[in-house]
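Contents: one structure, followed by commentary.
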Amino acid sequence: MAIALLSRHPLRAGDSVQLASCLYLRTHLEDLRVLAFDDRLNDAARAEGFLLVSGAEHG
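Okay, structure coming up:
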């Protein structure tokens, strides 16, 4: 799954593993939100349908 995310989003390898983990956890947890202080990871998480924890965006 992490490799597929690399082809869809401009992520670093570690960030793709983190996002893949979030996607897996979302199948078990209803209200999972992402907290990251990386704009690329935030953009990819949002594109995958996640809500971000308030304050996680640099703007």
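Just so we're aligned, residue 910 is where the sequence shown starts under my numbering, counting upward by one. The C-beta atom is built at its ideal place from N, Cα and C for all residues, glycine as well. Just so you know, these numbers come straight off a predicted model, no measurement behind them.
Spatial neighbours of residue i within its chain, please: C-beta separation below 6 Å, excluding the five flanking residues on both sides.
i	result
residue 959	943
residue 925	911, 914 and 915
Mind checking which residues open and close the alpha helix (DSSP H) that includes residue i?
i	result
residue 917	911–917
residue 949	948–956
residue 932	922–935
Please name the residue in the options whose C-alpha comes closest to that of residue i.
i	options	result
residue 918	961, 951, 963 and 962	951
Count the other C-beta atoms from every protein chain shown that fall within 10 angstroms of the C-beta of residue i, then say buried if there are 16 or more, exposed otherwise.
i	result
residue 920	buried
residue 953	buried
residue 928	buried
Residues in the same chain with beta-carbon distance under 8 Å from residue i, minus the five sequence neighbours each way, listed in chain order, please.
i	result
residue 934	941
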